[in-house]
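Read in order, the letters of the sequence shown are residues 1 to 468 in UniProt numbering.
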Amino acid sequence: MARRPANRFVCQSCGAVFSKWSGRCDACGAWNSIVEETVEPTATGGTNARRRAGSRINLVGLAGDTPPPPRIETRIGELDRVLGGGLVPASVVLVGGDPGIGKSTLLLQGACALARAGRKVMYISGEEAVDQIRLRARRLGLEAPTLELAAAINVADIAATLDAEKDLALVVIDSIQTMWMETVESAPGTVSQVRACAFELIRLAKQRGFSLILVGHVTKEGALAGPRVLEHMVDAVMYFEGDRGHQFRILRAAKNRFGATDEIGVFAMTDQGLEEVPNPSALFLAERRGHIAGSAVFAGMEGTRPVLLEVQALLSPKAGDGGARRAVVGWDTGRLNMLLAVLEARCGIKLNTMDVHLNIAGGLRVGEPAADMAVAAALVSAATGQPTSAGSVYFGEVGLSGEIRQVSQPDTRLKEAHKLGFEQAFLPRRIARGNRKPTAPDGLGIQEIGHLGDLVSLFTGAMEEAAG
Numbered sequence: 001m002a003r004r005p006a007n008r009f010v011c012q013s014c015g016a017v018f019s020k021w022s023g024r025c026d027a028c029g030a031w032n033s034i035v036e037e038t039v040e041p042t043a044t045g046g047t048n049a050r051r052r053a054g055s056r057i058n059l060v061g062l063a064g065d066t067p068p069p070p071r072i073e074t075r076i077g078e079l080d081r082v083l084g085g086g087l088v089p090a091s092v093v094l095v096g097g098d099p100g101i102g103k104s105t106l107l108l109q110g111a112c113a114l115a116r117a118g119r120k121v122m123y124i125s126g127e128e129a130v131d132q133i134r135l136r137a138r139r140l141g142l143e144a145p146t147l148e149l150a151a152a153i154n155v156a157d158i159a160a161t162l163d164a165e166k167d168l169a170l171v172v173i174d175s176i177q178t179m180w181m182e183t184v185e186s187a188p189g190t191v192s193q194v195r196a197c198a199f200e201l202i203r204l205a206k207q208r209g210f211s212l213i214l215v216g217h218v219t220k221e222g223a224l225a226g227p228r229v230l231e232h233m234v235d236a237v238m239y240f241e242g243d244r245g246h247q248f249r250i251l252r253a254a255k256n257r258f259g260a261t262d263e264i265g266v267f268a269m270t271d272q273g274l275e276e277v278p279n280p281s282a283l284f285l286a287e288r289r290g291h292i293a294g295s296a297v298f299a300g301m302e303g304t305r306p307v308l309l310e311v312q313a314l315l316s317p318k319a320g321d322g323g324a325r326r327a328v329v330g331w332d333t334g335r336l337n338m339l340l341a342v343l344e345a346r347c348g349i350k351l352n353t354m355d356v357h358l359n360i361a362g363g364l365r366v367g368e369p370a371a372d373m374a375v376a377a378a379l380v381s382a383a384t385g386q387p388t389s390a391g392s393v394y395f396g397e398v399g400l401s402g403e404i405r406q407v408s409q410p411d412t413r414l415k416e417a418h419k420l421g422f423e424q425a426f427l428p429r430r431i432a433r434g435n436r437k438p439t440a441p442d443g444l445g446i447q448e449i450g451h452l453g454d455l456v457s458l459f460t461g462a463m464e465e466a467a468g
C-alpha cells in the first residue's frame, strides 16, 4: 500500500524539524521562522523495502605524495588572495552579503575575466533575465563574447545542461535560494529546497571537475540564510561586507579548505564596478586630518596584510536622566565598555557621565584585540583635549588590570607604518622571556608601553605643560 505524503514543520533559520507549528524555534530561538513542508515518500520507502548490500571501501594510509591542488587565477588579485591563490577545480565556494553590496558585480567581473583568458565559464541567474545581465555588463564596460549566460531555476534542467558540457572551468549560480527541484514539495528558498539543490549542484561539480560559486542571501543579522548544513557542504565560505555610505567593500573568508581564513580583499565601488585596492592603508588614511583630539592611527593585521586605520572618538555630555550612550561603528561594543571600565578603575578617567561615540574610519570592521591601545589613545585624547601626534601609530591588547599585552607580527606592522611615513610607534613592553625586541626600520622610533596608565600620563603630562 502506497504511503501518503507526510507534513513536517521546518525552521528556515537553522533547519530544525518539528511535528507541529510554533511561533518560536526551540533550537535557535528565531521567531516566525517555522514553515510547513510536505515530504513525498520515496519509492523504496517502507519497512519491507529491500536494501542494497554495501560494498567494502578502499582505505589508504596517511602518508603519500599528494601534490598541491592546481589553481585557476580569476585575474582579480584581491579575489585570488582571499581564495588562497585562485579557484581549485571541483571546489565549491559560497559567497554571501547584503543586498546591493556588489556580489553579482564582483562575480560577473571575475567570470568575464576568466572567459577572456580562454576558459569556459557559465553564469546562471535565477534572479535576473539575460538582458539584465547584458545591460549590467555593458554599463561596467565588460566584454567577454565567450561567456555563456542563462536564466533558469530548475536544477534538473541546469544539471542536464552542465552534464552535457565539456571542459567547464567555472559555473556561477546566482543565487542558491532561487533554485528549485520538482522532487521537493516546498517553495524555493526553503530549507529543504536549498539543501537538495545545493547537494545536486555540489555533486555535479565534484563529479565533472569544474569550480562552482554559489551566491547566498543573508538574514537581517548578517548570517547566511538557509540551513547551516549548507556552509558545511561547501569548501569555502566568503562574506562580502561594507557600508553603503562608504565606497570600500571587504571580501572576507570565514571558511576555506584550500587556504587561510583570515585574509581579506579590499575593493572600491566605482562607476566602472569594483576596483581592487592593493594598498588599503594609504586609502583609509587619505582623508585623515592630523592634530585633532580624539583621533589615533591603529596598525592592524588582516591575515598576512598589514592595514593602518584611523580610530575616531568623540565625547559629549549625556542628555537627560538616562544612562550614557555608547555608539560604536566598526568595533565591538562590549570591548569598548570593558576598555572604559579599565580606564576608570585603573587610570582614574571617569567617562560614565559622557556619551561615547567611536568610529573606525573607512567602513572596515576590526576584530583583533590589538586595537585596544589605539582605541584607548583616541578616548584619552578626546577626554583631555590633547591630540595624538600625527606621525604616531598604536597597537597592543589591554588587560583588565590595565597591562598592555603582546600581539602578533609587530615587525610587519612597523614596516607598514614606516612605509607610509610615520615616525613613532607605541607598542607593548617586552616582559615574557623569549620575546625579542621588534626590529624597527630606520627613522621609526619605538616607545614601549607596559600599563595603560603610562599611556594616559603622556596626554595628562602634555595637558599640564600646555596649561603651565
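The beta-carbon is built from N, C-alpha and C at its ideal position, and this holds for glycine as well.
- Message: Does ALA187 pass the burial test, meaning 16 or more other C-beta atoms within 10 Å, or should it be called exposed?
- Response: exposed
- Taking LEU314 as part of the beta strand (DSSP E), name the residues at either end of that continuous run. 305-317
- Query: Using DSSP with H/G/I as helix, E/B as strand and the rest coil, what is VAL234?
  - Reply: coil
- Task: Measure the Cβ-Cβ separation of PHE284 and LEU309 and say whether it is below 9 Å.
- Result: yes
- Classify GLU36 as helix, strand or coil using the three-state DSSP reduction. strand
- Message: My output table needs one value for ILE202: the three-state DSSP class, helix, strand or coil.
- Response: helix
- Message: Am I right that ASP454 and GLY363 are in contact with their C-beta atoms under 8 Å? What's the rounded C-beta distance?
- Response: Contact flag wrong, Cβ pair sits at about 32 Å.
- Message: So, with DSSP's three-state summary, where would you put VAL356?
- Response: strand
- Item | Nearest-angstrom Cα separation, counted from GLN409 out to TRP231 | According to the sequence shown, residue 231 is Glu rather than Trp. Rounded to the nearest angstrom, the two C-alpha atoms are 30 Å apart.
- Note down, in chain order, each residue of its chain lying with its Cβ closer than 7 Å to the Cβ of TRP31, except the 5 sequence neighbours on either side. GLY23, ARG24
- Query: What's the C-alpha gap between ARG127 and HIS246?
  - Reply: At residue 127 the sequence reads Glu, which differs from the Arg that was named. Near 26 Å, if we compare the C-alpha coordinates of HIS246 and GLU127.
- Inter-residue Cα distance where the pair is GLY303 and GLY216: 24 Å
- Message: Please report the distance separating the alpha-carbon of GLU403 from that of GLY64.
- Response: 48 Å
- Query: Using a Cβ-Cβ cut-off of 6 Å (strictly less than) and excluding sequence neighbours within five positions of VAL307, which residues of its own chain qualify?
  - Reply: PRO280, SER281, GLY300
- Any contact of the segment 171-183 with the segment 191-198, i.e. 3+ C-beta pairs under 8 Å? yes
- To the nearest angstrom, report how far apart GLY110 and ILE72 are at their CA atoms. 11 Å
- Buried or exposed (CB count within 10 angstroms, at least 16 for buried), MET1: For MET1, the predicted structure reports a pLDDT of 49, less than 50, and the residue's modelled location is therefore unreliable. A value from the coordinates is still provided. By the 10 Å Cβ count, MET1 comes out exposed.
- Go through its chain and collect everything with a Cβ distance to SER295's Cβ below 8 Å, but skip five positions before and after it. ARG288, ARG289, GLU310, VAL311, GLN312, ALA313, ALA378, SER381, PRO387, THR388
- Nearest neighbour of ASN154, chosen from LYS419, PHE395, LEU201 [CA to CA]: LEU201
- Message: If distances are taken between C-alpha atoms only, which option among LEU343, VAL407, LEU351, GLU448 comes closest to SER392?
- Response: GLU448
- Query: Do the CB positions of MET373 and GLU397 come within less than 9 Å of each other?
  - Reply: yes
- Query: Contact check, ARG168 vs ARG203 under 8 Å by CB: the rounded distance?
  - Reply: With the sequence shown as reference, residue 168 is identified as Leu, and Arg is not the correct amino acid for it. About 15 Å; that fails the 8 Å criterion.
- Message: If the criterion is Cβ atoms closer than 9 Å, does the pair LEU458 and LEU414 meet it?
- Response: no
- Item | Spatial distance of ALA159 from VAL130 (CA atoms) | 19 Å
- Three-state secondary structure (DSSP) of GLN406: coil
- Can you name the start and end residues of the beta strand (DSSP E) that PHE284 belongs to? Where PHE284 is concerned, there is no enclosing beta strand (DSSP E), although the alpha helix (DSSP H) it sits in stretches over 280-284.
- Out of MET269, VAL407, GLY84, LEU162, state which residue places its alpha-carbon closest to the alpha-carbon of GLU148. LEU162
- Message: Please classify GLY96 as buried or exposed, where buried requires at least 16 neighbouring CB atoms within 10 angstroms.
- Response: buried
- Query: Ordered along the chain, which non-local residues of its own chain (more than five positions away) have a Cβ less than 8 Å from that of ASN337?
  - Reply: ARG326
- Item | Option in ASP80, GLU165, THR146, PHE210 with minimal Cα separation from VAL172 | PHE210
- Query: What separation, rounded to the nearest whole angstrom, lies between the Cα atoms of VAL356 and VAL297?
  - Reply: 18 Å
- What does ASP174 pair with, by DSSP beta-bridge criteria? SER125, VAL215
- Query: CB HIS291 to CB ALA390, shorter than 9 Å?
  - Reply: yes
- Message: Per the DSSP calculation, MET301 is bridged to which residue(s)?
- Response: PRO306
- From which residue to which residue does the beta strand (DSSP E) around GLY97 run? 92-97
- Query: Hey, would you say VAL234 sits closer than 9 Å to VAL92, going by beta carbons?
  - Reply: yes
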